[in-house]
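Quick note on the working numbering: the sequence shown kicks off at 65 and runs consecutively.
We put the beta carbon where it would ideally sit given N, CA and C, even for glycine.
A quick note: this is a predicted structure, and the numbers were derived from the prediction, not measured.
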Amino acid sequence: MSSAPETKELEFAGKIRRALDESAADLPAATLERLAGARRLALARKRPEPVTAPAFVPVLAHAGAGAAFDLPPAGKRRLSPLARVLRVWPLVALVGGVAFIAYWENAQRSAELADIDAAMLSDDLPLNAYLDHGFNAYLSRAR
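Quick look at the structure:
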């Protein structure tokens, strides 16, 4: 899709081209021959367009990106197993890292809860005090 200014520019260029083509028919043959020679000379002097190397642009795969409908184009090589592994290892490392962090945090939390339980069991207060919702009332009576 093109925008309105681009469309207007293309229409204007088309009008100019048609006007030039119509007026070229009225030119004398000698002038047409000189214009054709100048065109050939200009094309001969034209510099070749620079060749650009393709740039690597990372693209995230969407759901179903490896489906059966995603066949490689004709003439393209399939990836070797090593290349496939090299493409997948960052994802494996990420999942492994997240799993390790979850395990570590769970172990830390378990250790903290064990410390709290040990402190509660070694304290002088009876266990009923910890179960009572009016714990503050028990503490105020004990003073």
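| Query | Result |
| --- | --- |
| Helix, strand or coil at Ser174 according to DSSP, with G and I counted as helix | helix |
| Inter-residue spacing [alpha-carbon to alpha-carbon] between Asp56 and Ala119 | Residue 56 is absent from the structure shown; the chain starts at 65 and stops at 207. |
| Limits of the alpha helix (DSSP H) - the one that Glu113 falls within | Premise fails: Glu113 is in no alpha helix (DSSP H) and is neither H nor E. |
| Alpha carbon of Pro92 to alpha carbon of Arg98, nearest angstrom | 10 angstroms |
| Limits of the unbroken alpha helix (DSSP H) element including Arg142 | Here Arg142 belongs to no alpha helix (DSSP H), and DSSP marks it neither H nor E. |
| Straight-line Cα distance separating Gln172 from Ser67 | 59 angstroms |
| Short Cβ contact (9 angstroms threshold) for Leu143 with Arg151 | yes |
| As assigned by DSSP and simplified to three states, the class of Ala119 | coil |
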